[in-house]
Amino acid sequence: MINSPLFNEIKQYLARSTSEKQIFVYVPFIKVSILERLIEGLQNKIIIITNWSKRNLIAGSSELELYPFCKERNIALYHNERLHLKVYSVNLEDLILATGNISQRGLMPEGNFELGISVKQISIKDRLYLEQIRKNSILINDKIFEILENWTKYNPPNPPKDEKFPEIENAITKDQFLISALPMTKEVRILQESYDKLNHVGMASDDEEINACVYHDLVNYGIPLGLSRDEFQNVLKKKFFEHPFIQKIDGFIDPEAYFGTVKEWIQKNCTDVPVPSRRELTGNVQVLYDWFEKLGDGKYVIDVPGSHSQRIRKIVPDLTKEDIRYENAVLQVLATPGYTIKEIESQYQKTGRNIHKNLDEEENRAKPIWHYKSEMDQKVKEMVGNDKIPDKSYPSGKTKFYNDIVHVISHLYYQGFIVFWYHSGDVGRGATSDGIWRLSQKGREEVIRRELPKP
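Just so you know, we're using our numbering here: the sequence shown kicks off at 220 and counts up by one.
Dropping the structure here:
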């Protein structure tokens, strides 16, 4: 046990940390003069979570002067109105849990009778708990500081207990566009392997940096422990692509974006203060490229065209509203008995077309499971209704409906729902194709999942 006064014990504990480790302070009431003495000489990155409720600010137990103090020293300052615990931690690996706030009465001689306890190793559960508190807190910035500063000038003491922070509550959504809202683990593979280790041996990695990134990502995307590999991948994929920041970046990749332009876009659209330099964002974009590619189910490709920088390219077309109404119809047609390749070949020969050989699908050549473009177009028209199909034509001679079905087929292919008899190149991007497809096993499962009736 650590007895009053707590100041020297906590200061010595923090001072023993090496400079590359982060210091976390979870304390609801903080006096700047005491904090300055507590962290004096530290070169570490410091993160503070405190309680800036209006009641606390007016009572003087919390000080607005804390924000300019932290801003000057590049200390991240968060507000959480539910915060009551007092934790001083190095890297969220160990900590001192204390009863004292950072104040004269909480830490210094002649103050309150306080106690503290040193925890040598934080459990996985406890670390995730602390990370979750930070994730659910509001990062103080210039705008929020100005709102609170003006409020304290023009409002009397002792506000009603149920008074809220309407302005700050509205600002919470902007926290979705902080750099800390982006993934941190360098590769999805590393996150998966570390997650497996957490579940089986209770430790993500021997590398402290990997540990910090893994815990950040698990909390950032709300991933609980105990999931199977498939469950983990499904949850991570869903949470990653649902995140507002990721959705905005995905919209920027339309249909491609180079490494430097992605860094520039993130720099302009993030809400961090100060705004990070593009050099600082290099690692973030490297992580994003890996996550988009590994979690995108084939939708994204990373390459280096010519002498240009690294490029991320979207190769699975997003369906338009008009396309979506055709997709179920296409799946329904594919789920019905079809034709053998020989039967389709006889139809193609009438128009002077030939069918390529495909040794990979030779065993399926004589099975009546194949469908072809003109057949598909006709059957989808019958199902949807000709009066609901636009008759727009393009200079190439192709109709909009013809191209819409091509778009849908490309989309189904990249989801793994169909198999081409033959194609070359990127489907949907100038590929050579015989326009012949069958439903894959995954596609059959999707038809059942969607409960599509047979036409």
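Ideal Cβ positions, reconstructed from N, Cα and C, are used throughout, including at glycine.
| query | Between which two residues does the alpha helix (DSSP H) containing Ile563 stretch? | reply | 560 to 568
- Item | Distance CB(Arg353)-CB(Ile268) smaller than 8 Å | yes
So if DSSP puts Trp589 in a beta bridge, which residue, or which two residues, is it bridged to? Tyr558
With burial defined as no fewer than 16 other Cβ atoms inside 10 Å of the residue's Cβ, what is the status of Val523: buried or exposed?
exposed
Query raised in the report: Are the beta-carbon atoms of Glu368 and Leu283 separated by less than 8 Å?
Result: yes
task: Return the chain-ordered list of same chain residues with a C-beta closer than 7 Å to the C-beta of Gly441, the five sequence neighbours on each side being excluded.
output: Lys458
* Asked: Under the three-state reduction of DSSP, which class applies to His303: helix, strand or coil?
  -> coil
**Prompt:** Is it buried or exposed for Ala554, if we count other Cβ within 10 angstroms and need 16 for buried?
**Reply:** buried
Counting contacts by CB-CB distance shorter than 8 Å, is Leu257 in contact with chain D? Here there is only one protein chain, and chain D is not present.
Paired residues, beta bridge with Asn222 - DSSP: Leu334
| task | Would you list the one or two residues that DSSP bridges to Tyr477? | result | Arg530
(Q) Which residues does DSSP list as the beta-bridge partners of Phe639? (A) Trp656
Query raised in the report: Going by beta carbon distance, what residues of the same chain come within less than 6 Å of Gln634, once the five residues before and after it are set aside?
Result: none
Report task. Provide the residue span of the alpha helix (DSSP H) that contains Leu276, from first to last. Result -> 273 to 278
query: Taking the alpha-carbon positions, what's the Ala476 to Ile531 distance?
result: 6 Å
Exercise. Assign Ile265 to one of three DSSP states: helix, strand, or coil.
Key: strand
Quiz item: According to DSSP, is Ala295 helix, strand or coil?
Solution: strand
**OP:** In the DSSP assignment, find the beta strand (DSSP E) that holds Leu314 and state where it starts and stops.
**Re:** 313 to 317
Quick check: Lys611 and Lys600, are their CB atoms within less than 8 Å of each other? no
Point to revise | beta-carbon Lys513 near the ligand GDP non-hydrogen atom, thresh 7 Å | key: Questions concerning the ligand GDP fall outside what the structure shown contains, since it holds no ligand whatsoever.
* **Selected residue, minimal CA-CA separation from Cys289, among Asn453, Pro493, Gln566** => Pro493
*Contacts around Gly279, its chain only, beta-carbon distance under 7 Å, and the 5 residues preceding and following it disregarded*: none
Between the stretch 563 to 583 and the stretch 623 to 637, do at least 3 Cβ pairs fall closer than 8 Å? no
Q. How would you label Ala473, buried or exposed, when you count the other beta carbons within 10 angstroms and need 16 or more for buried?
A. The identity of residue 473 in the sequence shown is Asp, whereas the question assumes Ala. Result: exposed.
Can you tell me the Cβ-Cβ gap for Ile221 and Ile336, rounded? I've got them flagged as a contact below 8 Å.
7 Å
(Q) Let me make sure I understand the geometry here. Which of Arg324, Asn453, Ile429, Leu500 has the alpha-carbon closest to that of Leu397? (A) Leu500
Check your understanding: Counting along the chain, where does the alpha helix (DSSP H) carrying Asp680 start and finish?
Key -> What the structure shows of the chain is the stretch from 220 to 674, and residue 680 is not part of that stretch, so it cannot be assessed.
Express the C-alpha separation of Gly515 and Gln597 in angstroms, rounding to a whole number.
32 Å
What distance in whole Å lies between the Cβ atoms of Leu285 and Val244, which are believed to be in contact at a cut-off of 8 Å?
That belief does not hold up - the Cβ atoms of Val244 and Leu285 are roughly 11 Å apart, past 8 Å.
Do the CB positions of Val679 and Phe478 come within less than 8 Å of each other? Because the chain spans 220 through 674 in this model, residue 679 falls outside it and cannot be assessed.
Checklist entry - How would you call Arg346, buried or exposed, if buried means at least 16 neighbouring beta carbons within 10 angstroms? => result buried
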